[in-house]
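Undergrad: Numbering (UniProt numbering), first residue to last: 1 to 89. Below are the structure tokens for one structure; questions will follow.
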């Protein structure tokens, strides 16, 4: 399963929103990855996500595979929208 998001936060995906996302997905069993500019990292890794340098206006894709993939992606969407990080495309 995959979902695409546009980052609307003026500061992009910096430390605070990255921490919120990683914390939200860590408890899920499914594998989850974030793809940006043809680079893919584990969304459960703060350093991996931070290394991508995702700026405001960027489009990223989150994909999940496993028994709770739908719930995981729903949680990612909730965190991104409710914290003003971005919007679902």
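In this text, a Cβ means the ideal position worked out from N, Cα and C, and glycines have one as well.
Tell me the DSSP secondary structure of residue 82 in three-state form.
TA: Helix at residue 82.
Undergrad: Which complete alpha helix (DSSP H) runs does the region 18-63 hold, if anything under 4 residues is left out?
TA: The region 18-63 contains these whole alpha helix (DSSP H) runs: 46-51.
Undergrad: Buried or exposed, going by whether 16 or more other CB atoms sit within 10 Å of the CB of residue 76?
TA: Classification of residue 76: buried, given that the 10 Å Cβ count is 16 or more.
Undergrad: Can you look up residue 91 in the DSSP assignment and give me helix, strand or coil?
TA: No answer is possible for residue 91: the residues shown for the chain start at 1 and end at 89.
Undergrad: Between which two residues does the beta strand (DSSP E) containing residue 8 stretch?
TA: Where residue 8 is concerned, there is no enclosing beta strand (DSSP E), given that its DSSP letter is neither H nor E.
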